[in-house]
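Trainee:
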Amino acid sequence: MLTHVHTHDRPLLTLLPRVASRLPFVALGDFPTPIDDLAPVMRDAGLTTPAFVKRDDRSSPVYGGNKVRTLEVLFAEALEQGATHVVSTGAFGTNHGVATALHAPRVGLDASALLFPQPASPCALENFEVLAAHELHAIPHWSALPPAMLAASVRARLRDERTYVMVPGGATPRGALGYVNGALELAQQVAAGELPEPRTIVLGVGSTCTTAGLLVGVHVASRLGLAFRTPPTLHAVRVTPWPVTSARRIVGLAARAGHLLAELADDPRLAFDARALTRSLRVDGSQLGRGYGYATESGRDAITRFAAIEGLTLDTTYSGKAAAGVLALARSGARGPLLFWSTKSTAPLPSSTTSSVTSASSSPTVASHAPWWTRGWIRRAARP
Ligand SMILES: Cc1ncc(COP(=O)(O)O)c(C=O)c1O
């Protein structure tokens, strides 16, 4: 069993001591993340709906955002299995990959990334720069991911390394437990009067891990009597298309996470059937635009409006689209309180890597990490 540090602020472990003794866990983030009032944004948009924001963008000064909670569980599993190296998988601009690259060394793990192309954009390039400063393997299309993941494990075995390969977004039942903890943390903040009970939680859904964890987590919080007499509805704004973000996939992962939790806690009340979970989920495809990674006008408008909140910088791939979903929901007359779950890190990226790729042709180290065929993508993404 790993030693746990600073886990007193992880309600998943403090409220469920059996889980604490059975679930490997490493502390990476600064929790609880704060709650801010979105009233200035809503007022400026001519809306009266009460709305708040859960600042998971500030989950760590190393690199924040939603992936930190997931990695607290997945890195611990990797270490428990004796791994020395973790591989993240995702698109060129993956936040999961950046979070992995920047947090893994803190727990003694090496990291590399297995990446596939996405539409070129400045925010994707910013992340690609960080990843290119570490070890990366690029594949030409996402469909080549399964054999490439297998090859990564074989390569590691040949090097006599033990490697832990994560699926995109870390979307496994265990990964989702990081967000069960997030939901319990919110419930404690509601119980402490930091915000009223949200009727609806709005967030972007990509790999489904975050939404699935929160979905089962609000039900767990309700069953434990912490808060939420009626669990809030999860309003999941698609940033990747169906079928990746089908309600069925989200609920399936949430149900499996609930079963895992019930087993760890020795408490069958914490497993929920798919019908109960489905009732608390809405999947919203109206903000996706042309698809994953393509910016939208409504997303850009939301990014400008939400900048009225101190330090809240959103991105065009994920959190801008989710924020546009908050505004659309309020404009449609939905009743509040709404809670926007802010998932994109607002921590500054390490300056040593900034702009290294854009000048890749003059940097042999970066050039060797980013294959030649990514150059065209880099040039397009760097265009103003
Ligand atoms: C900033 C940001 N927001 C939201 C999401 C969606 O979260 P999930 O993949 O857990 O559905 C991601 C996924 O990569 C992300 O990076």
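With this note's numbering as the guide, the letters of the sequence shown map in order to residues -5 to 378. All C-beta atoms, glycine included, are put in the ideal place defined by N, C-alpha and C. Since the structure is predicted, the reported quantities are computational estimates derived from the model, not experimental observations.
Is the beta carbon of MET160 closer than 7 Å to that of LEU68?
Mentor: Indexing the sequence shown from 1 puts residue 68 at position 74. Indexing the sequence shown from 1 puts residue 160 at position 166. The answer is yes: Cβ separation under 7 Å.
Trainee: Taking just the CA atoms, how far does GLY91 sit from THR8?
Mentor: On the sequence shown, residue 8 is found 14 positions in, with the first residue counted as 1. On the sequence shown, residue 91 is found 97 positions in, with the first residue counted as 1. Taking the straight line joining both Cα atoms gives about 29 Å.
Trainee: Since SER106 is in the alpha helix (DSSP H), which residue starts that stretch and which ends it?
Mentor: Position 112 of the sequence shown, counted from the start, is the residue given in the question as residue 106. Unbroken run through SER106 is the beta strand (DSSP E), 104 to 110; no alpha helix (DSSP H).
Trainee: Starting from the N-terminal side, write out each stretch of the alpha helix (DSSP H) that is 4 residues or longer and does not extend beyond the segment 266 to 310.
Mentor: For the segment 266 to 310, whole alpha helix (DSSP H) runs of length 4 or above, ordered along the chain, are 268 to 273 and 291 to 300.
Trainee: Return the CA-CA distance between GLN281 and ALA289, expressed in angstroms with no decimal places.
Mentor: The sequence position of residue 281 within the sequence shown is 287, counting from 1. The sequence position of residue 289 within the sequence shown is 295, counting from 1. Rounded to whole angstroms, GLN281 to ALA289 spans 10 Å at the Cα level.
Trainee: For ligand 1, is there any heavy atom lying closer than 6 Å to the beta carbon of LEU240?
Mentor: Taking the sequence shown and counting its residues from 1, one reaches residue 240 at position 246. The sequence shown places Ser at residue 240, not Leu. Not so, every heavy atom of ligand 1 lies at least 6 Å from the Cβ.
Trainee: Let me know if ASP278 comes out buried or exposed under the rule of 16 or more other beta-carbons within 10 Å of its beta-carbon.
Mentor: Taking the first residue of the sequence shown as 1, we reach residue 278 at position 284. Per the 10 Å Cβ criterion, buried.
Trainee: Output yes or no for whether 7 Å exceeds the beta carbon distance between THR272 and THR307.
Mentor: By 1-based counting over the sequence shown, the position of residue 272 is 278. By 1-based counting over the sequence shown, the position of residue 307 is 313. No, they are not a contact pair.
Trainee: Can you grab the Cα-Cα spacing for the pair GLU257 / LEU209, in whole Å?
Mentor: On the sequence shown, residue 257 is found 263 positions in, with the first residue counted as 1. On the sequence shown, residue 209 is found 215 positions in, with the first residue counted as 1. About 18 Å.
Trainee: If you measure from the CB of VAL20, is any heavy atom of ligand 1 nearer than 6 Å?
Mentor: Sequence index remark: in the sequence shown, residue 20 carries index 26 (1-based). Flag unset: Cβ of VAL20 not near ligand 1.
Trainee: Cutting at 7 Å between CB atoms, please list the residues of its own chain near GLY76, excluding the five before and the five after it.
Mentor: Working through the sequence shown from its first residue, we reach residue 76 at position 82. Hits under 7 Å: ARG156.
Trainee: Can you determine whether any heavy atom of ligand 1 sits closer than 6 Å to the C-beta of LEU337, and answer yes or no?
Mentor: Within the sequence shown, numbered from 1, the residue matching residue 337 stands at position 343. In the sequence as displayed, the identity of residue 337 is Thr instead of Leu. Yes, since a heavy atom of ligand 1 falls inside the 6 Å radius drawn around the Cβ of THR337.
Trainee: If you draw a straight line from the alpha carbon of HIS229 to that of PRO11, how long is it in whole angstroms?
Mentor: Looking up residue 229 in the sequence shown gives position 235. Looking up residue 11 in the sequence shown gives position 17. Looking at the two C-alpha atoms, the distance is approximately 31 Å.
Trainee: Kindly identify the DSSP beta-bridge partner or partners of LYS48.
Mentor: On the sequence shown, residue 48 is found 54 positions in, with the first residue counted as 1. Note: LYS48 sits in a beta bridge opposite ILE29 and TRP335.
Trainee: For SER355, which three-state DSSP category applies?
Mentor: Counted from its first residue, the sequence shown places residue 355 at position 361. Any reading at SER355 needs caution, since the residue's pLDDT is 42, under 50, leaving its predicted position unreliable; the model's value is listed next. Here SER355 sits in helix by DSSP.
Trainee: Hey, how far is the Cα of ARG193 from the Cα of GLY370?
Mentor: As a first step, residue 193 must be located in the sequence shown, where it is residue number 199. As a first step, residue 370 must be located in the sequence shown, where it is residue number 376. Taking the straight line from one Cα to the other gives about 45 Å.
Trainee: Can you find at least 3 beta carbon pairs, one from the segment 110 to 127 and one from the segment 35 to 45, that sit closer than 8 Å?
Mentor: Not touching, per the Cβ criterion.
Trainee: In three-state terms, what does DSSP make of ALA85?
Mentor: Position 91 of the sequence shown, counting from 1, holds the residue named residue 85. Of the three classes helix, strand and coil, the one that applies to ALA85 here is strand, per DSSP.
Trainee: Go through its chain and collect everything with a Cβ distance to SER82's Cβ below 6 Å, but skip five positions before and after it.
Mentor: Along the sequence shown, one-based indexing puts residue 82 at 88. Excluding sequence neighbours, SER82 sits near HIS90, GLY91, THR94, ALA107 and MET160.
Trainee: Taking a contact to mean a Cβ-Cβ separation below 7 Å, would you say CYS203 touches GLY246 in this structure?
Mentor: Residue 203 sits at position 209 when you count from the first residue of the sequence shown. Residue 246 sits at position 252 when you count from the first residue of the sequence shown. It is not a contact, given that the beta carbons lie outside the stated cut-off.
Trainee: Rounded to whole angstroms, what's the CA-CA distance from ILE372 to ALA114? Just pull it up for me.
Mentor: As a first step, residue 372 must be located in the sequence shown, where it is residue number 378. As a first step, residue 114 must be located in the sequence shown, where it is residue number 120. Each residue's alpha carbon lies about 7 Å from the other.
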